[in-house]
Amino acid sequence: MAKKPSIPKGTRDFSPAEMVRRNYIFDTIKGVFCKYGYMPLETPAMENLDTLLGKYGDEGDKLLFKILNSGDYLKKADETLLANKDSNRLTGQISEKGLRYDLTVPFARFVVQHQGELTFPFKRYQIQPVWRADRPQKGRYREFFQCDVDVVGSNSLLNEVELIQIVDEVFRKLGIRVVIKLNNRKVLAGIAEIIGEATRLTDITVAIDKLEKIGLEKVNAELAQKGLSAEAIDKLQPILSLSGSNSQKLEQLKEILAGSETGQKGIDEISEVLDVLKELNLATDVELDLTLARGLNYYTGAIFEVKALDVEIGSITGGGRYDDLTGIFGLKDVSGVGISFGADRIYDVMNQLDLYPPEVTSATQLMFVNFGAVEARYCLRLAGELRQKGLRVEVFPDNAKLKKQMNYAHKKNIGFVALVGEEEMNKGIVTLKDMNSGEQRSVKPEEIAEIIR
RNA sequence: GUGAUUGUAGCUCAGCUGGUUAGAGCGCCAGAUUGUGGCUCUGGAGGUCGCCGGUUCGAAUCCGGUCUUUCACCCCA
-2 MAKKPSIPKG
8 TRDFSPAEMV
18 RRNYIFDTIK
28 GVFCKYGYMP
38 LETPAMENLD
48 TLLGKYGDEG
58 DKLLFKILNS
68 GDYLKKADET
78 LLANKDSNRL
88 TGQISEKGLR
98 YDLTVPFARF
108 VVQHQGELTF
118 PFKRYQIQPV
128 WRADRPQKGR
138 YREFFQCDVD
148 VVGSNSLLNE
158 VELIQIVDEV
168 FRKLGIRVVI
178 KLNNRKVLAG
188 IAEIIGEATR
198 LTDITVAIDK
208 LEKIGLEKVN
218 AELAQKGLSA
228 EAIDKLQPIL
238 SLSGSNSQKL
248 EQLKEILAGS
258 ETGQKGIDEI
268 SEVLDVLKEL
278 NLATDVELDL
288 TLARGLNYYT
298 GAIFEVKALD
308 VEIGSITGGG
318 RYDDLTGIFG
328 LKDVSGVGIS
338 FGADRIYDVM
348 NQLDLYPPEV
358 TSATQLMFVN
368 FGAVEARYCL
378 RLAGELRQKG
388 LRVEVFPDNA
398 KLKKQMNYAH
408 KKNIGFVALV
418 GEEEMNKGIV
428 TLKDMNSGEQ
438 RSVKPEEIAE
448 IIR
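Oh and the first sequence: position 185 is 182 in the working numbering, straight run, nothing missing.
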């Protein structure tokens, strides 16, 4: 056998059967975005490297896929760097483009670049693949789809509320039971302040974000290892173990963070969002979770995450507010808030729970058997008429053995097969076979649509 | 980037401490059944055992490298 063709590590093909399911998810999500006034946006798969570099931290820079310059790209490279095999510094000379790492930074770039043409608040959604040179593992790929919805140019907390409504509606439509976890970076900053480690906010958030996964002991160990004082870790304990209803948690927090202005601001924001939500009768529970931190450093206010209740898979949607995302591209004071639906994980959840409505997976409704050139032309006309009535119809292209044609219909899960040979043509009828029951009968062409529907 | 793990027919996998011609199930093709799929039976095609090198009289089997799969860590969706 010849060498088997393959695809790069961490990438996937999507078969027709998978695509109809994925499209169902995307269409459902798009439909909801649309209802709230968000418009579609697409940006190029590749961006200039300087747009991408430095936006995701050192770790992120390493995970960027870089694109080699065209032509004789080594010609311009520095001899010394080449001789020393200094890949890091050489990269800048032989590559100036990279594949996008997420949709948020290209979006920020777009907003800055087109600020004159946009009307604010600007609401867009974007569903496109992104690439990361990570090592693939369970549920993690090198090419995967993000499904972002953001609004920039408005500080109102109503945007946070709206995004939560969208989450609620999307998952209700898809039939996935979820819980929305809510927190606020200002609260986390307040906590860091109160325990006397204001400058260690990132280390603290990264560590407590793991609480659910690795447990309190290990989180404390990690905090100690990062250099937090025992006293600070001690002060943190009651906060990590806060329990009760949202309002009970908020009450306790208010006391704990009494000394922190930022912290108070965060509490106010959370309270307001929860307050407005109360009147909206969401199907989904919104839970204040102080251990929700999310790694991304650019979040400054609300942060949220959505977890499936019936499947162990981690978060399937997440996001937050970022006050200065466009600042890195020179546009100050444009606040935004957005969330990203994890399409691949949602797909996994949908599959595991088998939540697709039956019409999603059905394709062709009726197939005409091909008995030869003359019969096929006759069938083509009938098929055309049925398609006009909105039926999904195909005519088998080859005059193959009937067994093969029937088998094709069977494998493709086609509901009905029409047999039209010389005899049927002369009589002006078709023999219609129901592939599920095996029954067949002679009917007039104009009756077909009625029977199949 | 670190540490493991996997690779044998289209697919899922057997193949012992190295020893003739590498097997099974499913799928595929053909026939039983010339205008009838699914079920059954019969027959057939299909593999330089991921790739490169080494050890050996002899390698799917042992060793090294490389790619790939899966998993954990880091980080993240």
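Ideal Cβ placement from N, Cα and C applies to all residues, glycine included.
Consult DSSP for residue i and reduce its assignment to one of helix, strand or coil.
{"i": "lysine 52", "result": "coil"}
{"i": "leucine 429", "result": "strand"}
{"i": "arginine 139", "result": "coil"}
{"i": "tyrosine 98", "result": "coil"}
{"i": "phenylalanine 11", "result": "coil"}
{"i": "valine 371", "result": "helix"}
{"i": "phenylalanine 326", "result": "helix"}
{"i": "arginine 121", "result": "strand"}
{"i": "tyrosine 295", "result": "coil"}
{"i": "serine 268", "result": "helix"}
{"i": "alanine -1", "result": "With a pLDDT of only 44 at alanine -1, under 50, the local geometry of the prediction cannot be trusted, and the value read off the model is given with reservation. DSSP places alanine -1 in coil when its eight states are reduced to three."}
{"i": "alanine 186", "result": "helix"}
{"i": "leucine 179", "result": "strand"}
{"i": "asparagine 278", "result": "coil"}
{"i": "isoleucine 192", "result": "coil"}
{"i": "asparagine 404", "result": "helix"}
{"i": "leucine 220", "result": "helix"}
Around the C-beta of residue i, are 16 or more other C-beta atoms found within 10 angstroms, so that it is buried, or is it exposed?
{"i": "methionine 347", "result": "buried"}
{"i": "valine 175", "result": "buried"}
{"i": "valine 127", "result": "buried"}
{"i": "glycine 34", "result": "exposed"}
{"i": "methionine -2", "result": "Summary for methionine -2: the model assigns pLDDT 38, below 50, so the residue's position carries little reliability; its value from the coordinates is reported in the next sentence. Exposed is the call here."}
{"i": "asparagine 180", "result": "buried"}
{"i": "isoleucine 211", "result": "exposed"}
{"i": "asparagine 433", "result": "exposed"}
{"i": "valine 371", "result": "exposed"}
{"i": "tyrosine 70", "result": "exposed"}
{"i": "glycine 425", "result": "exposed"}
{"i": "aspartate 341", "result": "buried"}
{"i": "glycine 455", "result": "As shown, the chain starts at -2 and ends at 450. That puts residue 455 outside it, with no answer to give."}
{"i": "cysteine 31", "result": "exposed"}
{"i": "glutamine 349", "result": "exposed"}
Leaving out five residues on either side along the sequence, give the residues of the same chain with a beta carbon under 6 Å from the beta carbon of residue i.
{"i": "aspartate 200", "result": "Lys223"}
{"i": "threonine 101", "result": "none"}
{"i": "valine 390", "result": "Leu363, Ala380, Leu383 and Arg384"}
{"i": "leucine 461", "result": "Nothing can be reported for residue 461: it is not among the residues displayed for the chain, which extend from -2 to 450."}
{"i": "leucine 377", "result": "Val392"}
{"i": "aspartate 58", "result": "Leu50"}
Just the C-alpha distance for residue i and residue j, rounded to the nearest angstrom, thanks.
{"i": "aspartate 131", "j": "phenylalanine 301", "result": "24 Å"}
{"i": "glutamate 252", "j": "valine 270", "result": "20 Å"}
{"i": "proline 37", "j": "alanine 290", "result": "29 Å"}
{"i": "leucine 237", "j": "isoleucine 173", "result": "29 Å"}
{"i": "glycine 317", "j": "leucine 416", "result": "58 Å"}
{"i": "lysine 120", "j": "phenylalanine 326", "result": "19 Å"}
{"i": "arginine 374", "j": "glutamate 436", "result": "26 Å"}
{"i": "valine 146", "j": "alanine 255", "result": "34 Å"}
{"i": "lysine 6", "j": "glutamate 228", "result": "46 Å"}
{"i": "arginine 19", "j": "leucine 388", "result": "23 Å"}
{"i": "isoleucine 156", "j": "alanine 299", "result": "A small correction: the amino acid at residue 156 is asparagine; isoleucine does not occupy that position in the sequence shown. So the two alpha carbons sit approximately 11 Å from each other."}
{"i": "isoleucine 192", "j": "glycine 51", "result": "30 Å"}
{"i": "serine 226", "j": "leucine 287", "result": "21 Å"}
{"i": "tyrosine 295", "j": "serine 332", "result": "11 Å"}
{"i": "leucine 247", "j": "aspartate 282", "result": "16 Å"}
{"i": "glutamate 447", "j": "serine 12", "result": "32 Å"}
{"i": "leucine 78", "j": "leucine 96", "result": "24 Å"}
{"i": "leucine 49", "j": "threonine 25", "result": "30 Å"}
{"i": "phenylalanine 141", "j": "threonine 8", "result": "8 Å"}
Cutting at 7 Å between CB atoms, please list the residues of its own chain near residue i, excluding the five before and the five after it.
{"i": "isoleucine 230", "result": "Asn217, Leu220 and Ala221"}
{"i": "valine 158", "result": "Val270, Val273 and Leu274"}
{"i": "threonine 202", "result": "Leu185 and Ala290"}
{"i": "lysine 409", "result": "Ala360 and Thr361"}
Considering only residues of the same chain and omitting the five flanking positions on each side of residue i, which have a CB-CB separation below 8 Å?
{"i": "alanine 74", "result": "Leu87, Gln90 and Ile91"}
{"i": "methionine 10", "result": "Here residue 10 is aspartate; the residue named in the question, methionine, does not match the sequence. Excluding residues within five positions, the ones whose Cβ falls inside 8 Å are Ile4."}
{"i": "asparagine 396", "result": "Asn367, Phe368, Gly369, Ala370 and Ala373"}
With a threshold of 7 Å (Cβ to nearest heavy atom), would residue i be considered close to the ligand GDP?
{"i": "isoleucine 426", "result": "With respect to the ligand GDP, the structure shown offers nothing to examine, as it has no ligands at all."}
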